[in-house]
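**Student:**
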Amino acid sequence: MVECFASLQGEGFHCGQAAWFVRLAGCRNACAFCDTPQSWDMNAFARRSEEDLVREAVESGCTNCVVTGGEPMLHNLDGLCRRLHEAGLRCWLETSGSEPLSGEWDWICLSPKKGVEVREEYYRKASEIKIVIGSDEDFSFAEEQAVRAGQDCLLYLQPEWSVSNAITQKITQYILKQPKWRLSLQMHKFAGIA
Ligand code: SF4
């Protein structure tokens with residue numbers, strides 16, 4: 001486990017809502033734009049018990065728990081979700097979809113990455129798909145993902161932070177022509193919060 005903290009969800013449909021974040025260690029995807037490369041090595045972090053994680057989440061007073069990474073699905077999260085639900089928290093997942101799905105989720109944010117195969121079950125179960133846009137070529141990748149999404153799945157385009165100023169205008173123009181998409185800004189980074 002890399003870190004746990006209370007903050008505001010900065011991205012996607014729940015942007016602006018208070019949540020307890022659980023950042024799990026481990027990721028094999030090595031995305032060039034990753035903003036949490038410190039989380040990749042699972043062995044670099046101490047293991048924590050589910051009981052411990054849930055106790056902290058409850059003590060935070062938050063009613064939403066975002067489980068993120070790294071790639072959290074490198075871990076079987078059946079037990080953690082069950083315990084969080086028993087404690088009255090909603091469970092929100094952030095995943096690339098590269099690993100087998102476990103746990104019961106109230107919200108699944110699927111964020112496919114170029115060159116990383118997404119398991120089919122994620123397209124059926126995703127509440128939202130979020131594509132990071134860093135260059136013009138990423139729009140066609142986004143469309144490839146959108147055709148695989150379920151009917152009620154929300155679709156978000158999010159500027160890659162390092163080129164945010166230049167690409168946000170392009171995303172805006174794109175959404176005006178393709179209004180099935182919504183803009184997701186990383187609100188927490190603009191606000192200077194975790
Ligand atoms: S899947 Fe997420 S955590 Fe893993 S390398 Fe890509 S951006 Fe980073």
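When we follow the numbering used here, the leftmost residue of the sequence shown carries the number 1, and every step to the right adds one. Glycine included, each C-beta is placed from N, C-alpha and C at the ideal position. As the structure is a prediction and not an experimental result, all values here were calculated from the model.
Taking 7 angstroms as the cut-off, is the C-beta of Gly70 nearer than that to any heavy atom in ligand 1?
**Tutor:** Within the sequence shown, the letter at position 70 stands for residue 70. True, at least one ligand heavy atom lies under 7 angstroms from that Cβ.
**Student:** Based on DSSP bridge pairs, tell me the residues matched to Phe5.
**Tutor:** Translated into the one-based positions of the sequence shown, residue 5 becomes position 5. Paired residues: Phe21.
**Student:** Using the Cα positions of Glu144 and Val118, report the straight-line distance between them to the nearest angstrom.
**Tutor:** Here residue 144 refers to the residue found at position 144 of the sequence shown. Here residue 118 refers to the residue found at position 118 of the sequence shown. About 12 angstroms.
**Student:** I'd like the list of long-range same chain contacts for Lys189, defined as Cβ closer than 8 angstroms, with 5 residues on each side in sequence excluded.
**Tutor:** Position 189 of the sequence shown holds residue 189. Hits under 8 angstroms: Gly10 and Trp161.
**Student:** Only counting the same chain, and skipping five residues up and downstream in sequence, which positions put a Cβ closer than 6 angstroms to that of Thr168?
**Tutor:** On the sequence shown, position 168 is the one that residue 168 refers to. Correct list, in chain order: Pro159.
**Student:** Residue ranges of each alpha helix (DSSP H) run of no fewer than 4 residues wholly in the stretch 36 to 74, ordered along the chain?
**Tutor:** Counting only runs of 4 or more, we get 50 to 60.
**Student:** Out of Lys170, Met42, Phe13 and Arg83, point me to the one whose CA is closest to Gly69's CA.
**Tutor:** Start at 1 with the first residue of the sequence shown, and residue 69 comes out as number 69. That would be Met42, whose Cα lies nearest to the Cα of Gly69.
**Student:** Assuming Leu53 and Cys4 make a contact with CB atoms under 8 angstroms, what is their CB distance in whole Å?
**Tutor:** Along the sequence shown, read from residue 1 onward, the residue named residue 53 stands at position 53. Along the sequence shown, read from residue 1 onward, the residue named residue 4 stands at position 4. Rounded, the Cβ-Cβ distance is 7 angstroms, consistent with contact.
**Student:** Would you kindly work out how many angstroms separate the C-alpha atoms of Leu74 and Leu176, rounded to a whole number?
**Tutor:** Here residue 74 refers to the residue found at position 74 of the sequence shown. Here residue 176 refers to the residue found at position 176 of the sequence shown. Spanning the two alpha carbons is a distance of roughly 37 angstroms.
**Student:** CB of Cys31 to nearest heavy atom of ligand 2: below 7 angstroms?
**Tutor:** This structure lacks ligand 2; its bound ligands are ligand 1.
**Student:** Return the CA-CA distance between Gly192 and Ser7, expressed in angstroms with no decimal places.
**Tutor:** For this step, residue 192 is matched to residue 192 along the sequence shown. For this step, residue 7 is matched to residue 7 along the sequence shown. Using only the alpha carbons, I get a separation of about 11 angstroms.
**Student:** With distance defined between alpha-carbon atoms, name the residue in Asp152, Trp107, Leu183 and Arg148 nearest to Ser164.
**Tutor:** Numbered from 1 along the sequence shown, position 164 holds the residue referred to as residue 164. Selected option, being the one with the closest Cα: Leu183.
**Student:** Tell me where the beta strand (DSSP E) around Gln158 begins and ends.
**Tutor:** Stepping through the sequence shown from its first residue, residue 158 is reached at position 158. Unbroken beta strand (DSSP E) run through Gln158: Leu154 to Pro159.
**Student:** State whether the stretch 106 to 114 contacts the stretch 127 to 144, with contact taken as three or more CB pairs (one from each stretch) at a distance under 8 angstroms.
**Tutor:** Segments in contact, yes.
**Student:** May I ask you to report which of helix, strand or coil DSSP gives Val163?
**Tutor:** In the sequence shown, the residue the question calls residue 163 occupies position 163. Val163 falls in the helix class under three-state DSSP.
**Student:** Cys109: beta carbon under 7 angstroms from a heavy atom of ligand 1?
**Tutor:** Within the sequence shown, the letter at position 109 stands for residue 109. Every heavy atom of ligand 1 is 7 angstroms or more from the Cβ of Cys109, so no.
**Student:** Beta strand (DSSP E) containing Glu143: first to last residue?
**Tutor:** Working through the sequence shown from its first residue, we reach residue 143 at position 143. Glu143 -> not in any beta strand (DSSP E); alpha helix (DSSP H) instead, spanning Glu137 to Ala146.
**Student:** Applying the 10 Å Cβ sphere with the 16-neighbour rule, what's the burial state of Ser49?
**Tutor:** Numbered from its first residue, the sequence shown carries residue 49 at position 49. Ser49 comes out exposed.
**Student:** Taking just the CA atoms, how far does Val67 sit from Phe33?
**Tutor:** Along the sequence shown, one-based indexing puts residue 33 at 33. Along the sequence shown, one-based indexing puts residue 67 at 67. Going by the C-alpha atoms only, they are around 20 angstroms apart.
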